[in-house]
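Each residue of the sequence shown is one higher than the one before, counting from 644 in this note's numbering.
We put the beta carbon where it would ideally sit given N, CA and C, even for glycine.
Please read the structure below before turning to the comments.
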Amino acid sequence: MVSCLGDKDGNAQGSRFLLLDSDFNVKGRWEKPGHSPLYGYDFWYQPRHETMISTSFGAPAAFTKGFNLEHVSDGLYGRHMHVYSWPGGELKQILDLGNNGLLPLEKSDGTWGHEVAISVKPLKVRNWILPEMPGLITYFLISLDDRFLYLSNWFHTTV
Numbered sequence: 644m645v646s647c648l649g650d651k652d653g654n655a656q657g658s659r660f661l662l663l664d665s666d667f668n669v670k671g672r673w674e675k676p677g678h679s680p681l682y683g684y685d686f687w688y689q690p691r692h693e694t695m696i697s698t699s700f701g702a703p704a705a706f707t708k709g710f711n712l713e714h715v716s717d718g719l720y721g722r723h724m725h726v727y728s729w730p731g732g733e734l735k736q737i738l739d740l741g742n743n744g745l746l747p748l749e750k751s752d753g754t755w756g757h758e759v760a761i762s763v764k765p766l767k768v769r770n771w772i773l774p775e776m777p778g779l780i781t782y783f784l785i786s787l788d789d790r791f792l793y794l795s796n797w798f799h800t801t802v
């Protein structure tokens, strides 16, 4: 299964999850019809919780020519996490993460929530579009033993 960011023209066309055969031909879509959020990105699934979580990045046309801060306020970047049933493909919940990097946590009532797990302090810079450069976490990964959180801080070029 692969997730898609947008269509061939760089428009956000929903978080499509495509099922592929062994020759990488598209067999169909994984999510149920009408259960595709606007922006797609990475996904993680946990069969024991019967849950898949996907994140949203943005319209490819917004970032393929370089970062433009105005695109953020124009709504061309996502700020949500999507909780699906696994393996059913039904969108169960959408979490609005706001403008911070946040981490999903399981709750006892079967829903998911979020709280700030880490924040990256902005750097004072010169010759950039703002006097301070915020941290921009683009990838994160929880270690298999659940002890470590690895992240890529794209603007600051650190891991």
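- The beta strand (DSSP E) runs lying completely inside the region 715-801 and spanning 3 residues or more are 723-728, 734-739, 745-749, 755-759, 780-785, 792-796, given in chain order.
- In the displayed model, F706 falls within a helix according to three-state DSSP.
- Counted as a single uninterrupted DSSP element, the beta strand (DSSP E) harbouring Q689 occupies residues 686-689.
- Of the residues Y688, M776, G671, the one whose Cα lies closest to the Cα of I785 is Y688.
- When DSSP reads this structure, L662 sits in a beta bridge with G671.
- If you compare the alpha carbons of G756, F706, A655, M644 with that of D666, the shortest gap goes to M644.
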